[in-house]
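Peer 1:
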Amino acid sequence: MDIDSVLTVIPIGILIIFGLFILLLPVIALLSLRNRPMNEIAKFLWVLLILLLPFLGAIVCLIVSPGSVFCDDAEE
756 MDIDSVLTVI PIGILIIFGL FILLLPVIAL LSLRNRPMNE IAKFLWVLLI
806 LLLPFLGAIV CLIVSPGSVF CDDAEE
């Protein structure tokens with residue numbers, strides 16, 4: 756195996772790992788919403804955001820973490 760074939764395989768492996776990350780991130784965000792204490796309309800809107808903008812919606816959902824204990828304390 757020469758150096759050119761090794762240098763070709765490494766970027767392809769990185770792209771595959773990055774692609775899997777992009778595909779799994781919305782799934783993780785949707786699963787994290789399942790057990791959050793929120794009303795149905797709020798959950799529906801978060802799911803809609805994640806389905807329409809999978810990568811961005813998932814990142815925002817995981818950062819904001821709607822329905823968490825911290826969000827409930829801030830509203831009181």
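Residue numbers for the sequence shown, in the numbering used here: 756 to 831.
Beta carbons are placed, not taken as given, at the ideal position from N, Cα and C, and that holds for glycine.
Being a predicted model, the structure only gives us computed values, none of them experimental.
In its own chain, which residues sit with a C-beta less than 8 Å from the C-beta of G768, not counting the 5 before and 5 after it?
Peer 2: Here residue 768 corresponds to residue number 13 of the sequence shown, with the count starting at 1. Taken in chain order, the list of residues that qualify is empty.
Peer 1: Please classify V764: does DSSP put it in a helix, a strand, or coil?
Peer 2: What you label residue 764 is simply residue 9 of the sequence shown in a count that begins at 1. Looking at V764 - three-state DSSP - the assignment turns out to be helix.
Peer 1: If we call anything under 8 Å between Cβ atoms a contact, is L817 one with A784?
Peer 2: Translated into the one-based positions of the sequence shown, residue 817 becomes position 62. Translated into the one-based positions of the sequence shown, residue 784 becomes position 29. Yes, they are a contact pair.
Peer 1: Which of the three DSSP states is assigned to G822 in this structure?
Peer 2: For the purposes of this step, residue 822 is taken as residue 67 along the sequence shown, with counting starting at 1. Note: G822 maps to coil in three-state DSSP.
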